[in-house]
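Residue numbers (the numbering used here): 124 to 248.
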């Protein structure tokens with residue numbers, strides 16, 4: 124799952140994920156609340172990987188994570204959440220400590236090497 128307010132970024136990231144055979148399906152959302160609505164629907168398959176842009180206008184990654192914690196989906200703890208940003212700030216590194224579900228923060232745009240690193244680190248692929 125991709126959550127980023129920039130449609131072009133989502134498009135590029137979907138292409139990289141497909142090219143690297145990371146997953147069978149990639150769903151993307153430009154609004155955090157829409158992603159949360161999708162995740163709340165237990166009839167949807169829950170993603171193994173959720174990539175969330177830190178800086179989004181309506182709902183940033185931190186608000187997304189606060190609401191994600193309240194989800195009542197049986198598979199939510201299985202997902203690996205990775206935050207994406209164009210500039211890594213010390214404040215973001217500190218804030219991540221409050222969200223144990225977050226695996227790490229990566230710089231975007233993603234590239235093949237970064238995706239392969241994510242897959243080998245978190246999924247043994």
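We treat Cβ as the ideally placed atom computed from N, Cα and C, and that holds for glycine.
Query, Result
"For residue 215, three-class secondary structure by DSSP", "helix"
"Of the listed residues 171, 202, 208, 164, nearest to residue 185 (C-alpha basis)", "208"
"Euclidean distance between Cα positions of residue 166 and residue 246", "24 angstroms"
"Contained alpha helix (DSSP H) runs [length at least 4] in the region 141-185, N- to C-terminal order", "155-163"
"Beta-carbon gap between residue 176 and residue 127 smaller than 8 angstroms", "yes"
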